[in-house]
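Number of protein chains: 2
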Amino acid sequence: MPVRIAFITGNKGKWEEAREALAPLGYEVEQVKLDLPEPQADDLEVVARAKVEAAKRHLPGAFFVDDAGLFVDALKGFPGVYSAYVLKTLGSGGILRLLEGQPNRGARFEAVVGAWHPRKGAHFFRGVCRGTIAPAARDAGHGFGFDPIFIPEGQTATFAELPTVEKNRMSHRGRAMAQFEAWLRENPLR
Amino acid sequence: MPVRIAFITGNKGKWEEAREALAPLGYEVEQVKLDLPEPQADDLEVVARAKVEAAKRHLPGAFFVDDAGLFVDALKGFPGVYSAYVLKTLGSGGILRLLEGQPNRGARFEAVVGAWHPRKGAHFFRGVCRGTIAPAARDAGHGFGFDPIFIPEGQTATFAELPTVEKNRMSHRGRAMAQFEAWLRENPLR
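Protein sequences, first through last, are from chains C and Y.
The numbering used here applies: residue -9 is where the first sequence begins, and numbers increase by one.
The numbering used here applies: residue -9 is where the second sequence begins, and numbers increase by one.
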């Protein structure tokens, strides 16, 4: 019998990725949609922590949340924790415009997975992926968000041009999830 | 004996404005610095409401908070409730860059004052000032934030070129404060 764990996300793609990642460990990942309050904060872990605290009041068992952002060096970390809002308003085109003529195109994607384990409490796992902002958006139908303008270090393709399985191997979220998986092996839910 | 009311703000300029505005009504405005959690939300009143709720736990008597933002039409309301963060990262220059070649330069400043009255509960007052984004920043030492790039409707000067007393007559914050003052006359604290 697989053990159930809830993933609080409105994003079906993220849920499918997590389901595949945790199935070999004997977990059945259930997608739960909850509108959790997110504080304004400079760090993703502060946001993830608030989401875990709020979700505890709604869910009886184990669950996890995730939060991610694109931090552009030349823009002092913008859009950072507000990436979802900036994607909706300015889009990838806004980031490209803000970097016109800017020689420093360094950036990083960060993700934090916040997990609630009924016996072990709250734990947080951070994944970082360094890279650069592409000169123009390039999309081959993969990925979402700012993926079409982000080239991970050591690659020439953007995240949106890489097959999902390849992207997950190096991505911020893939790295955070890998840490969460390793921790779950040491701290099983059953 | 003047009645005391606390203004929760880290901004000395705002405090001085409020102090002058409420003195004729017999109130002594005290500046209180509290680091209150701000939720991520599309509307300023949601942010102000959360701040009032959190502050109630720290302060025994009457107080008020304020929250403001610049909403640019062509940027789908960006930077909106995240104006403080965007000012810190992109600055006024970022907004000008995002609007290069954009014929629609319409924008509005909004402010919400959230007040806590021990007998009447929480009340919210919204002020709006329509205007346009200037072609370039113009500053005569007045104002703060995005004031150097905002020209209020019916004017040719930016907020940062107008004397404070004149700016307050038409500004979003001035209008929200005027409503708060009118309400305080009807619902005195003593």
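C-beta: ideal position from N, C-alpha, C; glycine also.
Inter-residue spacing [alpha-carbon to alpha-carbon] between residue i and residue j
{"i": "Y:Pro27", "j": "C:Gly111", "result": "23 Å"}
{"i": "C:Asp33", "j": "C:Val71", "result": "7 Å"}
{"i": "Y:Val37", "j": "Y:Ala105", "result": "13 Å"}
{"i": "C:Arg87", "j": "Y:Ile85", "result": "11 Å"}
{"i": "C:Gly144", "j": "Y:Gly164", "result": "53 Å"}
{"i": "Y:Arg128", "j": "Y:Pro142", "result": "13 Å"}
{"i": "C:Glu156", "j": "C:Arg109", "result": "34 Å"}
{"i": "C:Arg175", "j": "C:Tyr17", "result": "11 Å"}
{"i": "C:Thr148", "j": "C:His113", "result": "31 Å"}
{"i": "Y:Tyr75", "j": "C:His107", "result": "33 Å"}
{"i": "C:Gly135", "j": "C:Lys41", "result": "21 Å"}
{"i": "Y:His162", "j": "C:Glu20", "result": "46 Å"}
{"i": "Y:Ala130", "j": "Y:Leu77", "result": "19 Å"}
{"i": "Y:Pro125", "j": "C:Ala150", "result": "35 Å"}
{"i": "Y:Val46", "j": "C:His48", "result": "What sits at residue 46 of chain Y in the sequence shown is Lys, not Val. Whole-angstrom Cα-Cα distance: 25 Å."}
{"i": "Y:Phe140", "j": "C:Ala13", "result": "54 Å"}
{"i": "C:Ala31", "j": "Y:Gln169", "result": "31 Å"}
{"i": "Y:Gly133", "j": "Y:Met160", "result": "13 Å"}
{"i": "C:Glu90", "j": "Y:Lys66", "result": "21 Å"}
{"i": "C:Gly0", "j": "C:Val22", "result": "8 Å"}
{"i": "Y:Ala166", "j": "Y:Arg120", "result": "14 Å"}
{"i": "C:Arg39", "j": "Y:Trp173", "result": "38 Å"}
{"i": "C:Glu43", "j": "Y:Glu43", "result": "18 Å"}
{"i": "Y:Val(-7)", "j": "Y:Thr146", "result": "40 Å"}
{"i": "C:Arg9", "j": "C:Asn94", "result": "37 Å"}
{"i": "Y:Leu15", "j": "Y:Glu171", "result": "8 Å"}
{"i": "Y:Met(-9)", "j": "C:Pro50", "result": "54 Å"}
Contact list for residue i against chain C, beta-carbon separation under 8 Å
{"i": "Y:Tyr17", "result": "Under the 8 Å cutoff, chain C gives no residues; its nearest Cβ is about 30 Å from Y:Tyr17."}
Residues that residue i contacts on chain Y, provided the C-beta gap is smaller than 7 Å
{"i": "C:Arg87", "result": "Arg87, Leu88"}
{"i": "C:Leu80", "result": "Leu65, Phe68, Leu88"}
{"i": "C:Gly84", "result": "Leu88"}
Residue i and residue j closer than 8 Å at C-beta
{"i": "Y:Leu60", "j": "Y:Phe115", "result": "no"}
{"i": "C:Glu7", "j": "C:Asn177", "result": "no"}
{"i": "C:Leu24", "j": "C:Ile(-2)", "result": "yes"}
{"i": "C:Val118", "j": "C:Glu35", "result": "no"}
{"i": "C:Leu179", "j": "C:Ala11", "result": "no"}
{"i": "C:Gly96", "j": "C:Thr79", "result": "no"}
{"i": "C:Pro29", "j": "Y:Pro29", "result": "yes"}
{"i": "C:Ala58", "j": "C:Gln92", "result": "no"}
{"i": "Y:Pro138", "j": "Y:Ser73", "result": "no"}
{"i": "Y:Val62", "j": "Y:Phe68", "result": "yes"}
{"i": "Y:Asp56", "j": "Y:Lys4", "result": "yes"}
Proximity test, Cβ basis, 8 Å: residue i and chain A
{"i": "C:Lys66", "result": "Judged by its chain identifiers, the structure shown contains no chain A, and its protein chains are C and Y."}
With a floor of 4 residues, list each alpha helix (DSSP H) that falls wholly inside the stretch 56 to 107 of chain C, ordered by position along the chain. Listed in chain order, they are 73 to 79, 81 to 88.
Interface positions of the stretch -6 to 5 of chain Y facing chain C (Cβ-Cβ less than 8 Å), listed along the chain: For the stretch -6 to 5 of chain Y, which is checked against every Cβ of chain C, not one residue is closer than 8 Å.
Which residues, in chain order, does the stretch 25 to 51 of chain C contribute to contact with chain Y at a C-beta distance below 7 Å? Residues of the stretch 25 to 51 of chain C whose Cβ lies closer than 7 Å to any Cβ of chain Y, in chain order: Pro27, Glu28, Pro29, Gln30.
Scan the stretch 55 to 75 of chain C for residues whose Cβ lies nearer than 7 Å to a Cβ of chain Y and list them as they occur along the chain. So the list reads Leu65, Lys66, Gly67, Phe68, Tyr72, Tyr75, given in the order they occur along the chain.
Residue ranges of each alpha helix (DSSP H) run of no fewer than 4 residues wholly in the stretch 110 to 179 of chain Y, ordered along the chain? Listed in chain order, the complete alpha helix (DSSP H) runs (minimum 4 residues) inside the stretch 110 to 179 of chain Y are 154 to 160, 162 to 176.
What are the uninterrupted segments assigned as beta strand (DSSP E) that are 3 or more residues long and contained completely in the stretch 10 to 44 of chain C, given in chain order? For the stretch 10 to 44 of chain C, whole beta strand (DSSP E) runs of length 3 or above, ordered along the chain, are 17 to 22.
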